[in-house]
Structure formats: structure tokens, C-alpha cells
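Asks: Quick one: the structure is below, questions incoming.
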Amino acid sequence: MPLGTAFSRAVLAGLVWIGATAAARAELAVPHLEINQDQDTLTLVGAVSGPEGATADTRLSVTRIDASGNSMKSAQGKTVTLRGATPVEVARLVINAGAHPNLVATLQILQNDGVIAETRTEIGSPAKTDTNQSRNDE
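If you're matching positions, the sequence shown starts at 711 in the numbering used here and goes up one per residue.
Printed below as a string of C-alpha cells:
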């Protein structure tokens with residue numbers, strides 16, 4: 711085998727290994743969704759923790775439902791480098807609590823156009839929180 715071909719195969723194998731390792735590390739990321747409410751506002755803070763140095767693609771989406779049943783959806787995404795157990799903030803959203811009594815907030819960790827982990831919180835009636843770490847296994 712010519713030296714150039716062997717080198718090319720070694721480089722390709724290395725890139726495949728690096729990609730597989732990065733994918734495996736991203737799957738260990740954990741989404742956190744914190745909700746703070748005072749008299750007039752609701753603050754949603756999305757954060758992600760996971761292996762030191764790994765990256766995570768994230769999306770925080772919020773669906774607001776007013777008293778008439780009309781809904782409005784907004785989303786923001788960000789790619790971050792993780793810092794181990796210390797959550798890295800990926801999004802902060804401040805909402806007038808009185809204008810939208812019912813909210814559904816979802817923080818997702820994305821990989822290859824798919825969701826690998828998410829946490830979801832419904833605010834209003836009924837209020838509940840659901841965290842799913844194995845979305846691709848369904």
C-alpha cells in the first residue's frame with residue numbers, strides 16, 4: 711500500500727474516532743430549566759451540564775397560551791462548551807406573567823438534527839415537570 715493511501719486511511723479513521731467520541735460525550739449532557747417567578751414576571755433560565763470540554767447544541771422553546779386560548783411560540787438556540795458539573799447558561803427569557811398564564815417551556819439538547827435529551831415544564835394549569843434523557847430510544 712502506498713504511503714499516501716495509508717496516511718489518508720489513518721487520518722480518516724482518526725476523524726471517525728473523534729466524531730464518535732464527541733457524539734458519545736454530548737449524549738451525557740444534562741439539561742436544566744430553572745423558573746423564577748415574582749409578582750409581575752416569570753424568568754426562565756436554561757442551562758446544560760456535562761463532560762468538561764464537550765460541546766452541546768441546545769434549544770429553549772416556549773409556548774405561551776393566553777386566556778383566550780391563543781398560543782405564541784418562541785425559541786432560541788446556542789452551542790456551548792460544557793464545564794463539568796457546573797451548569798452553563800444557554801438562554802434566559804423574562805416574560806410578563808400576567809399576560810400569559812399558561813406556558814410550556816422545553817430545553818432540548820440536540821445532535822444530528824435530533825433530540826437526545828430534554829426537560830419540559832408546564833406552568834399554569836396543570837403545572838408539571840418532565841425530564842427525558844433518552845429521547846432517541848423511543
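Where a beta carbon is used, it is the ideal one built from N, C-alpha and C, also for glycine.
(1) Given a threshold of 16 other Cβ atoms within 10 Å of its Cβ, counted over all protein chains shown, does Asp767 qualify as buried or as exposed?
(2) Between which two residues does the beta strand (DSSP E) holding Leu820 run?
(3) Less than 8 Å between the CB atoms is what I'm expecting for Arg802 and Val755, so what's the real figure, rounded?
(4) With a 10 Å radius around its C-beta and 16 neighbouring C-beta atoms as the bar for buried, classify Ser778 as buried or exposed.
(5) Kindly indicate which three-state DSSP category Leu752 falls into: helix, strand or coil?
(6) Express the C-alpha separation of Arg774 and Lys782 in angstroms, rounding to a whole number.
Replies: The structure says:
(1) buried
(2) Asn812 to Gln821
(3) 5 Å
(4) exposed
(5) strand
(6) Sequence inspection shows Met at residue 782; the Lys mentioned does not correspond to that position. Their backbone Cα atoms lie some 5 Å apart in a straight line.
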